[in-house]
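K.L.:
Protein chains: 2
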Amino acid sequence: MASKKASPVEWRSECPISSGLDILGDKWSLLIVRDLITYGTRMYSEFSESPERISTNILADRLKLLTALGIIERVDADRSARNNAFQLTKSGKELRKVLEALGRWSYANMRDLHPDIVSID
Amino acid sequence: MASKKASPVEWRSECPISSGLDILGDKWSLLIVRDLITYGTRMYSEFSESPERISTNILADRLKLLTALGIIERVDADRSARNNAFQLTKSGKELRKVLEALGRWSYANMRDLHPDIVSID
DNA sequence: GCTAGTAACTTGCGTTTTGCAAGTGATGGT
DNA sequence: ACCATCACTTGCAAAACGCAAGTTACTAGC
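As structure tokens, this is what we get:
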């Protein structure tokens with residue numbers, strides 16, 4: 000039978016900010032997006048090399064979720080996982096503005112508490 | 000003795016995006032900021048009335064953290080907690096750009112998965 | 001100044017999510 | 001065909017969350 004797939008997310012309200020946080024409101028999802036903006040494409044094992052050291056179970060989970068939401072995809076949709084990197088979809092690329100705003104805010108406002116913070120590229 | 004207060008946050012790296020997520024990377028902190036942008040000031044119990052229904056223990060925790068980080072403050076710094084609302088600091092107000100970027104992204108990109116989502120004001 | 005009412009938290013406890021380490025299994029280069 | 005290695009899974013301990021109920025302490029009215 001045709002399966003009516005539930006949304007991968009529980010939406011807490013109709014507010015777009017709340018809805019954005021329902022998806023991206025954790026410490027890891029936007030770092031995956033950041034890496035893809037920085038490097039263009041990225042293989043599974045490469046994500047683990049970023050300085051924040053995401054663990055593989057969380058990584059697998061988030062890659063699945065971001066794929067289900069249409070934010071990232073495999074570079075070659077038809078090939079197996081091995082040597083098949085991830086890249087941003089159109090929707091994922093549009094997150095650049097969000098990341099820039101967040102990065103700028105952090106650099107401007109957290110330097111007192113976090114002196115080593117660097118400016119965004 | 001003079002206490003050397005540790006930073007309220009563990010910074011995972013020097014990256015400003017990662018650092019922003021160290022502080023704000025959860026499902027609730029930015030909703031508190033959203034409410035303060037919307038209403039200007041807000042009392043403790045009023046936060047619980049927003050449609051996402053934050054529970055009081057999480058609320059107390061986040062208000063403490065956001066205060067320690069200088070993102071929010073009491074309207075009257077000298078008065079007791081009762082009837083003493085919260086408001087954004089200068090640094091908190093600058094988060095408006097982040098929220099706008101996030102809200103716009105969600106509205107533009109999540110409408111398929113979340114048909115009831117509304118546009119940001 | 002005593003007291004009642006209520007805003008502002010705090011506590012306890014069960015559930016979910018995270019973090020770490022170790023394990024598994026497919027694949028593609030030689 | 002072999003086997004190194006990439007892409008995950010699994011198990012389990014620790015932390016964070018969610019809910020309901022309890023506690024503290026202003027403060028307005030008497």
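Taken in order, these protein sequences are the chains called A and B.
Okay, so the first sequence: first residue is 0 according to numbering that gives the first Met the number 0, each after it adds one.
Okay, so the second sequence: first residue is 0 according to numbering that gives the first Met the number 0, each after it adds one.
The beta-carbon is built from N, C-alpha and C at its ideal position, and this holds for glycine as well.
What you are looking at is a predicted structure, and each value in this text was computed from that prediction instead of being measured.
1) Determine the direct distance from the alpha carbon of residue 71 of chain A to that of residue 81 of chain B, and round the result to whole angstroms.
2) Going straight from the alpha carbon of residue 65 of chain A to that of residue 28 of chain A, what length do you get?
3) Let me know the alpha helix (DSSP H) ranges lying completely inside the segment 39 to 115 of chain A, each 4 residues or longer, listed in chain order.
4) Is the beta carbon of residue 7 of chain B sitting closer than 7 Å to the one on residue 100 of chain B?
5) Could you confirm whether any beta carbon from chain A is found closer than 7 Å to the beta carbon of residue 104 of chain B?
6) Could you pull the start and end residues of the alpha helix (DSSP H) that residue 16 of chain B belongs to?
7) Between the segment 8 to 27 of chain A and the segment 40 to 55 of chain B, do three or more beta carbon pairs fall short of 8 Å?
8) Give the C-beta separation of residue 98 of chain B and residue 33 of chain B to the nearest angstrom, bearing in mind that I take them to be a contact with Cβ-Cβ under 8 Å.
9) Looking only at C-alpha atoms, which of A/110, A/120, A/92, A/46 sits nearest to residue 107 of chain B?
10) Check each candidate in A/85, A/89, A/77 and name the one with the smallest Cα separation from residue 40 of chain A.
11) Would residue 105 of chain B be called buried (16 or more neighbouring beta carbons within 10 Å of its own) or exposed?
12) Please state if the CB of residue 61 of chain A and the CB of residue 36 of chain A are separated by a distance shorter than 7 Å.
13) Closer than 9 Å between beta carbons: that is the criterion. Which residues of the segment 8 to 24 of chain B meet it against chain A?
14) If we cut at 7 Å on Cβ distances, does residue 112 of chain B have a partner in chain A?
15) So is residue 75 of chain A buried or exposed if we call it buried at 16+ other beta carbons inside 10 Å?
16) Take residue 22 of chain B as the anchor and find which of A/120, A/118, A/115, A/109 has the nearest alpha-carbon.
17) Rounded to whole angstroms, what's the CA-CA distance from residue 116 of chain A to residue 94 of chain A? Just pull it up for me.
18) Does DSSP classify residue 28 of chain A as helix, strand or coil?
19) Determine the chain B residues that contact residue 93 of chain A at a beta-carbon separation under 8 Å, and present them in chain order.
P.N.:
With the structure as the only source:
1) 47 Å
2) Approximately 8 Å, taken between the alpha carbons.
3) For the segment 39 to 115 of chain A, whole alpha helix (DSSP H) runs of length 4 or above, ordered along the chain, are 43 to 46, 55 to 67, 89 to 92, 95 to 108.
4) no
5) Yes, its Cβ sits closer than 7 Å to a Cβ of chain A.
6) 15 to 23
7) yes
8) 6 Å
9) A/92
10) A/85
11) buried
12) No. Outside cutoff.
13) 8, 10, 11, 12, 13, 14, 15, 16, 17, 18, 19, 20, 21, 22, 23, 24
14) Closer than 7 Å to some Cβ of chain A, the Cβ of residue 112 of chain B qualifies, so yes.
15) By the beta-carbon neighbour count (other beta carbons within 10 angstroms, threshold 16), residue 75 of chain A is exposed.
16) The residue with the shortest Cα to Cα distance from residue 22 of chain B is A/109.
17) Taking the straight line from one Cα to the other gives about 22 Å.
18) helix
19) Those are 104, 107, 108, listed as they occur along chain B.
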